[in-house]
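Throughout the sequence shown, residue numbering follows my numbering, covering 3 to 374 in sequence.
The C-beta atom is built at its ideal place from N, Cα and C for all residues, glycine as well.
Below is one structure, written out as structure tokens; the observations come after it.
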Amino acid sequence: MGNDLPEIKLVFDEPKLKKKTPRHIADFSPEQRKDLAVELGLPAFRANQVSNHYFTHLSSNPQTWSDIPADLRETLAELFIPKLIELVRSVTCDNGMTRKDLWRLHDGVLVESVLMRYTDRTTVCISSQAGCGMNCPFCATGQAGLTRNLTAGEITEQIVAAARSCASGELPGGPTRLSNIVFMGMGEPLANYNSVMRSLRNITDPNPHGLGISARSVTVSTVGLVNGIERLINEGLPVTLAISLHTPDDELRNSLVPINSRWKVKEVLQAADAYAEKTGRRYSIEYAMIKDINDQTWRADLLGRLLKNRNAHVNLIPLNPTPGSKWTASRPEDEAEFVRILESYGVPTTVRDTRGREIEGACGQLAAAFIK
Ligand code: SF4
Numbered sequence: 003m004g005n006d007l008p009e010i011k012l013v014f015d016e017p018k019l020k021k022k023t024p025r026h027i028a029d030f031s032p033e034q035r036k037d038l039a040v041e042l043g044l045p046a047f048r049a050n051q052v053s054n055h056y057f058t059h060l061s062s063n064p065q066t067w068s069d070i071p072a073d074l075r076e077t078l079a080e081l082f083i084p085k086l087i088e089l090v091r092s093v094t095c096d097n098g099m100t101r102k103d104l105w106r107l108h109d110g111v112l113v114e115s116v117l118m119r120y121t122d123r124t125t126v127c128i129s130s131q132a133g134c135g136m137n138c139p140f141c142a143t144g145q146a147g148l149t150r151n152l153t154a155g156e157i158t159e160q161i162v163a164a165a166r167s168c169a170s171g172e173l174p175g176g177p178t179r180l181s182n183i184v185f186m187g188m189g190e191p192l193a194n195y196n197s198v199m200r201s202l203r204n205i206t207d208p209n210p211h212g213l214g215i216s217a218r219s220v221t222v223s224t225v226g227l228v229n230g231i232e233r234l235i236n237e238g239l240p241v242t243l244a245i246s247l248h249t250p251d252d253e254l255r256n257s258l259v260p261i262n263s264r265w266k267v268k269e270v271l272q273a274a275d276a277y278a279e280k281t282g283r284r285y286s287i288e289y290a291m292i293k294d295i296n297d298q299t300w301r302a303d304l305l306g307r308l309l310k311n312r313n314a315h316v317n318l319i320p321l322n323p324t325p326g327s328k329w330t331a332s333r334p335e336d337e338a339e340f341v342r343i344l345e346s347y348g349v350p351t352t353v354r355d356t357r358g359r360e361i362e363g364a365c366g367q368l369a370a371a372f373i374k
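Right, here's the structure in full:
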């Protein structure tokens, strides 16, 4: 499907990229939102009213805000919830149960989110940065480098848009509730720490200050920024931590996940252990299975030995190859043997499903195809 994308040329002009993102209530804590209202010459309670429309009722249409005087509604919407993301294109697969959305930000930058409906849950995978500076060679986003961090408002807007799509029954099966959020789209979430943290509060704060979704339903992935994991430990927010490990040995990891030259496998796992201990949450190890690169039996054995007494779960992800890449997914028999070896060490292991393959499902691929 992605190959049928129309040729559309995007122009990225420098001055536009430097434009500041308009401020949005999702950038602020509930207290700061009230201060903002006062600063704008409004009573503090107006901030709560707008928060309630935005987070509780998922409404961005001021015409429906009947508790606010009609002549004030548009102004409040402009001041508090300016439109930060605009849908450029959606592509679907899995009979409409998977939908990838491409968003244009106010400065022309493109980011992606993916909404996936399962029988028991609906998950959105969102982007925390435009591009990514981590430079993992197997990843489409990594190839393009980092354009900029997203603001908390831009991150939250992807989530609220997904929640709206669920509530309005846009996915087959009728209206549903957005239940899970994963920070596994474009970007390294812990490299944009403050905005990601504000977004996490927006997700987990109860209505009217946030979406009221349990921290346990949120997953934050990282390539292993140990300083970020250490900060997260002290936030008192028990989200699931996902470590994108991809190989258990430093030698290969230095090239597959270049940040490994700063924080080695051992240090990353120690930080994840500390996180698990503090939050009581099992962490996950994400492992892209790449044919003849990281799928050998000796690596499965090393990974099993590393993880056998840890509070960790392994997700094996068949690689979704970047167009033109020399790397591809592991053979099914190698994948099965990898699972068998890990399980022989008592390490819980799941082979992830590969939702969204035919729609440039891996992060960054739709944006890359679109720009081309
Ligand atoms: S795999 Fe993740 S961390 Fe690595 S370059 Fe891609 S988006 Fe960034």
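- Sorted by chain position, residues whose beta-carbon lies closer than 5 angstroms to a non-hydrogen atom of the ligand SF4 are C134, M136, C138, C141, T143, G144, E190 and V225.
- Put simply, of K22, T23 and A28 the residue whose alpha carbon is nearest the alpha carbon of V198 is A28.
- Secondary structure at E190: coil, using DSSP grouped into helix, strand and coil.
- Membership of R200 in any beta strand (DSSP E) is not indicated; the residue belongs instead to the alpha helix (DSSP H) covering Y195 to T206.
- For A46, the number of other beta carbons within 10 angstroms of its own is below 16, and it is reported as exposed.
- For Q131, the enclosing beta strand (DSSP E) begins and ends at Q131 to G133.
- Taken in chain order, the complete alpha helix (DSSP H) segments of 4 residues or longer contained in the stretch 203 to 254 are 228 to 235.
- The stretch 21 to 80 is shown to contain whole alpha helix (DSSP H) runs of 4 or more residues at 32 to 41 and 47 to 53, in chain order.
- From the listed residues P250, V349, V113 and S223, the smallest Cα separation to T242 is found for S223.
- With contacts defined by Cβ atoms closer than 8 angstroms, C127 and G187 form a contacting pair.
- For L38, same chain residues with a beta-carbon under 7 angstroms away, outside a window of 5 residues either side, are F30 and A49 in chain order.
- Counting only residues of its own chain and dropping the five nearest sequence neighbours on each side, R91 has a CB closer than 6 angstroms to the CB of L104.
- DSSP places C95 inside the beta strand (DSSP E), whose first and last residues are I87 to C95.
- The Cβ atoms of V267 and I287 lie no closer than 8 angstroms to each other.
- Sequence-distant partners of L227 (beyond 5 residues in either direction) whose C-beta falls short of 8 angstroms from its own C-beta, in its chain, are E190, L192, A193, I261 and W265.
- W329 carries a coil assignment under DSSP once its states are collapsed to helix, strand and coil.
- Taking each of F185, V184, R307 and C168 in turn and checking the Cα distance to P177, the smallest one comes out for C168.
- As computed with DSSP, V184 is found in a beta bridge with C127 and T221.
- In terms of Cβ geometry, G212 and R203 form a close pair [threshold 8 angstroms].
- Nearest to C138 by alpha-carbon distance, out of L254, R354, I183 and V349, is L254.
- For T281, the enclosing alpha helix (DSSP H) stretches over residues V267 to T281.
- Around the beta carbon of W67, 16 or more other beta carbons sit within 10 angstroms, so the residue counts as buried.
- Using a Cβ distance threshold of 8 angstroms, P250 and R312 do not count as a contacting pair.
- Between Y289 and H248, the C-beta spacing is below 8 angstroms.
- Here the C-alpha atom of P210 lies approximately 24 angstroms from the C-alpha atom of Y195.
- Boundaries around E335 are those of the alpha helix (DSSP H), P334 to S346, since no beta strand (DSSP E) includes it.
- Here DSSP, grouped into helix, strand and coil, assigns D294 to coil.
- Annotation for L308: the continuous alpha helix (DSSP H) segment containing it runs T299 to L309.
- Note on the stretch 141 to 187: whole beta strand (DSSP E) runs with a minimum of 3 residues are 148 to 151 and 182 to 185, in chain order.
- In the three-state DSSP reduction, N317 falls in the strand class (E or B).
- The alpha-carbon of I245 is positioned some 6 angstroms away from that of V225.
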